[in-house]
Every structure is written in C-alpha cells, then in structure tokens.
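> Sharing a structure below in structure tokens format, with a few things to ask.
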Amino acid sequence: MINKIRLLISIDDEKLRSRCLSEFSLPDFNVLKCDVDSISVEVSVMKYKPHLIIVSSNNMEGDAMRSLIKDLSVMHQSPIIINLYTYEEEGLIEDLENMGVSRSYSAPFDFDQIVDDIRKICSLVPVDVKKGYDEIKRRISEIMCIFNFNNCMQGYNYIRDAVFMAVTEMSRKYNFSKDVYPRIAAKYETTATSVERAVRVAISNSWKRTNENVRQMFFNQNSLKNYYKPTNSEFILIISDYIRGEFSDFFEYIEADKELLSANRS
C-alpha cells in the first residue's frame, strides 16, 4: 500500500494554491508544487513521479489545458489528475474528464471530501516487488532520456546498470574503480577501464545536449566539484538519490518485509 502520497500542485491562483498547500499538509501526503505552464508541469511529473496532480482548468486557455491533460494521461505511470475550477468554460470539464481527469471539483471546495477521495483512490495501490524493480529500471531510462543520452552508445547501458546498483543496494558504499566498473565489465565482457571511459564520454555528450533548466532541477553548485560537468560518480549517485527518494514507499515496504522475515526465522 502507498504509505505517503506524492501530490504535485500546479495552480496559478495564489489564494487557491496556498489553501491547497495548507489543506494537504498532512502526515500521509508529500506535497510538491510547480509552475502552471505545460513544460514545467510535464518536466515536474517526469522528475517527481507524483501519484497525483492537482490542476485548475482556470490556469490556462481551454485548448492548452486539453493538450496538457492529453500529454499527462499518455505518460508511462501517468498520475491521477484532479481538477479544481471556479468557473467553467463550456464543454471544457467534460472534455478534460474524457481525456484523463479522474475527478473535477467546483468551488466552493470541500477539502475534507477531496482529501478522503484521494486517500480512497491511493489506498488501493498494492506493492508488487518484481514490478517495483521493473519500474525502477523504467524510471532510470526515463531520466536518462531527459538528459538526452544516446541509447546506441555502450556507455548508456553501463550508466543504467550503475544507477540501478546504486538505487537498489542502499547499504553499500561504492568504490567505482574497484567495485562498480569491474562488476559492469564482467557482465559485458570488457575491461573496467573501457567501462569508465565509455561512461565519462556518454555523460559529457549528454550534458552538452541537456537544457540548463533540466540540469538545475537535478544538480546544483553544491552537489558538484565542477558545476560545468559532473564526474561519473557524481552523476550516478545524484541521479540514484533522486530515484531512491521517488521509490521511498517501495523501499520502506522491502525493509519492513525483511524485518518481518527475520523476526519469523528467529
């Protein structure tokens, strides 16, 4: 079951946004916010993978809103979409619900009811361990796509495997030269030196092709020795930290399951 609901709020009206942030400041919610333009919303959804997003059809013109909802609904692991509106453009609410909006609420808003509805929707999501690991692999590929990696380069596969190792082997402290690169080299029947070089080249090329706004969403000056380009280990570990945070519910379940298994054996 979902232990903490990741909720992304994208609302332009300052009063309504503030009220949403206040009403959802609850123990079982992890609340995020983003700007209301389509690019910010879509990048935030790709980055944070919220279980649910709250938007307002009053944020933008009808056609732009239709386009946004259509794009969100076809994403892999698309979030549940809830729409809050104070006035209705003719036919828009029906169109949005046909395109992927799960619930629409009109002002005045009964936030107690909205919170209850969200909890009911999200309480039905079970934990499937194999599916969880598969989703982590898909998420790694999605973030690498955001960074414009060329999946035809061998370094792409090496980075993908290294990030997966860092995400799933949480208790390990990695020495990339002595541990990570040799393990990957053994898998692909090459040398650790070749793996290190291919990873470095792939990161350098993708960094040049990546939009500055995207870089800043994942990296900052304090996280890098040289802000102009991350080292191999910086890129892998920082991305793995983001992904581990997104799957915190899953890993909490895994750890709880291990503790239960250990208790049953003793």
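For the sequence shown, this note's numbering gives the first residue as 21, with consecutive numbering after it. Heads up, the beta-carbon is just placed ideally off N, CA and C, and yes, glycines get one too.
(1) If you measure between the beta carbons of residue 76 and residue 105, is that distance less than 7 Å?
(2) Please report the residue range of the beta strand (DSSP E) in which residue 200 lies.
(3) Starting from residue 215 and walking both ways along the alpha helix (DSSP H), at which residues does that stretch end?
(4) Do you know how far the Cα of residue 230 is from the Cα of residue 161?
(5) Does residue 75 come out as helix, strand or coil in the three-state DSSP assignment?
(6) What first and last residue would you give for the alpha helix (DSSP H) that runs through residue 262?
(7) Buried or exposed: where does residue 221 fall if 16 or more other Cβ atoms within 10 Å of its Cβ makes it buried?
(8) Just to confirm, is the Cβ distance from residue 138 to residue 178 under 7 Å?
(9) Report the residue from 113, 254 and 269 whose alpha carbon sits nearest the alpha carbon of residue 124.
(10) Write down the C-beta distance between residue 80 and residue 56 rounded to the nearest angstrom, noting that I regard them as a contact closer than 8 Å.
(11) Relative to the C-alpha of residue 131, which residue among 250, 43, 266 and 26 is closest?
(12) Helix, strand or coil for residue 249, going by three-state DSSP, please let me know.
(13) How far does the alpha helix (DSSP H) with residue 135 in it extend, from its first residue to its last?
(14) Suppose the cutoff is 6 Å on Cβ atoms and the five residues either side in sequence are ignored; what does the same chain contact list for residue 8 look like?
(15) In the DSSP assignment, find the beta strand (DSSP E) that holds residue 30 and state where it starts and stops.
(16) If you reduce the DSSP assignment to three classes, tell me which class residue 177 lands in.
(17) If contacts are defined as beta-carbon pairs under 8 Å, then residue 41 and residue 24 qualify, I think. What distance do you get, rounded to the angstrom?
(18) Starting from the Cα of residue 135, find the closest Cα among 165, 102, 116 and 163 and give me that residue.
(19) Assuming residue 65 and residue 99 are in contact, meaning their beta carbons sit under 8 Å apart, how far apart are those beta carbons, in whole angstroms?
(20) Check whether the Cβ of residue 64 lies closer than 7 Å to any Cβ atom in chain C.
(21) Rounded to the nearest angstrom, what separates residue 214 and residue 194 at their Cα positions?
(22) Given a threshold of 16 other Cβ atoms within 10 Å of its Cβ, counted over all protein chains shown, does residue 181 qualify as buried or as exposed?
(23) Counting C-beta neighbours from all protein chains within 10 Å, is the total for residue 223 16 or more, i.e. buried, or is it exposed?
(24) With a 10 Å radius around its C-beta and 16 neighbouring C-beta atoms as the bar for buried, classify residue 127 as buried or exposed.
(25) Would you mind stating whether residue 226 and residue 169 have Cβ atoms separated by less than 7 Å?
(26) Buried or exposed for residue 83, going by 16 or more other Cβ atoms inside 10 Å?
(27) Is the Cβ-Cβ distance between residue 89 and residue 111 less than 7 Å?
(28) Under 7 Å between the Cβ atoms of residue 263 and residue 187?
In this structure, then:
(1) Yes. Within cutoff.
(2) Where residue 200 is concerned, there is no enclosing beta strand (DSSP E), because DSSP gives it neither an H nor an E.
(3) Its alpha helix (DSSP H) spans residues 212–229.
(4) Each residue's alpha carbon lies about 15 Å from the other.
(5) Here residue 75 sits in strand by DSSP.
(6) Start and end: 252–266.
(7) Answer is exposed; the Cβ neighbour count stays below 16.
(8) No, they are not a contact pair.
(9) The closest CA to that of residue 124, considering only 113, 254 and 269, is found on 113.
(10) Taking a contact as a CB-CB distance under 8 Å, the pair residue 80 and residue 56 counts as one, their CB atoms being some 7 Å apart.
(11) Distances from the alpha-carbon of residue 131 to those of 250, 43, 266 and 26 put 43 closest.
(12) In the structure shown, residue 249 adopts coil according to DSSP, grouped into three states.
(13) Annotation: the continuous alpha helix (DSSP H) that includes residue 135 extends over 131–142.
(14) The first residue shown for the chain is 21 and the last is 286, placing residue 8 beyond what the model contains.
(15) Unbroken beta strand (DSSP E) run through residue 30: 25–30.
(16) Three-state result, residue 177: helix.
(17) By a beta-carbon distance limit of 8 Å, residue 41 does not contact residue 24. Their separation comes to about 16 Å.
(18) Distances from the alpha-carbon of residue 135 to those of 165, 102, 116 and 163 put 102 closest.
(19) The Cβ separation is near 6 Å, so the contact holds.
(20) Absent here is chain C; the protein component of the structure consists of one chain.
(21) Cα-Cα distance, rounded: 18 Å.
(22) Buried is the call here.
(23) Buried.
(24) With fewer than 16 other Cβ atoms from the protein chains shown falling within 10 Å of its own Cβ, residue 127 counts as exposed.
(25) At the C-beta level, residue 226 and residue 169 come within 7 Å of one another.
(26) So residue 83 ends up on the exposed side.
(27) Contact check for residue 89 against residue 111 fails: the beta carbons are separated by 7 Å or more.
(28) Going by C-beta atoms, residue 263 is nearer than 7 Å to residue 187.
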